[in-house]
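Using the numbering used here, you'd call the opening residue of the sequence shown number 10 and step up by one each time.
Ideal placement from N, C-alpha and C gives every residue a C-beta, glycine not left out.
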Amino acid sequence: MRILRAAGYRVMPWKNGGGTTTEIAVSPHGAGLDDFDWRISMARVETSGPFSGFAGIDRTLSVLEGEGIVLDIAGRPPTRLTAASAPLSFPGDVPTGATLIGGPITDLNVMTRRGRMTHTVERLSLWGEVRIERSAGTTLILPVGGGVKVFADNVSRLGPFDTLLCDRTGPKLRLQAEGQGLLFVIRLHAVAAND
Numbered sequence: 010m011r012i013l014r015a016a017g018y019r020v021m022p023w024k025n026g027g028g029t030t031t032e033i034a035v036s037p038h039g040a041g042l043d044d045f046d047w048r049i050s051m052a053r054v055e056t057s058g059p060f061s062g063f064a065g066i067d068r069t070l071s072v073l074e075g076e077g078i079v080l081d082i083a084g085r086p087p088t089r090l091t092a093a094s095a096p097l098s099f100p101g102d103v104p105t106g107a108t109l110i111g112g113p114i115t116d117l118n119v120m121t122r123r124g125r126m127t128h129t130v131e132r133l134s135l136w137g138e139v140r141i142e143r144s145a146g147t148t149l150i151l152p153v154g155g156g157v158k159v160f161a162d163n164v165s166r167l168g169p170f171d172t173l174l175c176d177r178t179g180p181k182l183r184l185q186a187e188g189q190g191l192l193f194v195i196r197l198h199a200v201a202a203n204d
């Protein structure tokens, strides 16, 4: 298990140059926007407009802060996404436009390279004690709005937007909320060669 502190995240420009993104974690380590297997980031969206295109990428978007966004994904009806919405998955290589509902938002992006990796994103209310099942791949836990105490080999604390990264299976993680908010659980799996 590793803790990634929000203060250490890397800030970089969007692929389309329209803003900045805060990279939480990427694999392989140091990979760029065109050669990652998986990437988790947060972006501050200040204006409406098109999303960057990512060939061969599957992505899931969640709103962390702000009133929300309406996504116009080619081939689908417009979808309203707010901080109360379930995470939304869609192909990163389909033309997608976004309209802000009422001012800037911060979103969470999880992206995996199709054919190599898959992912799921679970959004939980952060209160009381929470137990998280670790996956056979990589599990990341991101609290938003409040922190959590993690009971493992020793007791650790995650502040808002810090991330706990677990690289293998193990006993369920026991977390205790410190404040109210949301907890995002991201599970990443390698695709088997015969899939």
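Legend entry - Top-ranked residue by Cα proximity to LEU151, from ASP176, ALA161 and GLY190: GLY190
Inset, instruction - Quick one: give me the first and last residue of the beta strand (DSSP E) that LEU133 is part of. - result: 126 to 135
Inset, instruction - Taking 7 Å as the cut-off, decide whether the C-beta atoms of TRP23 and SER71 are in contact. - result: no
Inset, instruction - Could you have a look at GLY190 and say whether DSSP puts it in helix, strand or coil? - result: strand
Inset, instruction - Buried or exposed for ALA83, please, with buried defined as at least 16 other CB atoms from any protein chain shown within 10 angstroms of its CB. - result: exposed
Legend entry - Contact under 7 Å by Cβ, TRP47 with LEU184: no
Legend entry - Where the beta strand (DSSP E) through SER36 begins and ends: 29 to 36
Legend entry - Simplified DSSP assignment, three categories, for GLY17: helix
Legend entry - For PHE160, the three-state DSSP class (helix, strand or coil): strand
Inset, instruction - To the nearest angstrom, report how far apart GLU187 and SER57 are at their CA atoms. - result: 34 Å
Inset, instruction - Decide if the stretch 123 to 139 is in contact with the stretch 107 to 115; the criterion is three or more beta carbon pairs, one per stretch, under 8 Å apart. - result: no
Inset, instruction - Mind checking who PRO86 pairs with in its DSSP beta bridge? - result: According to DSSP, PRO86 bridges with nothing at all.
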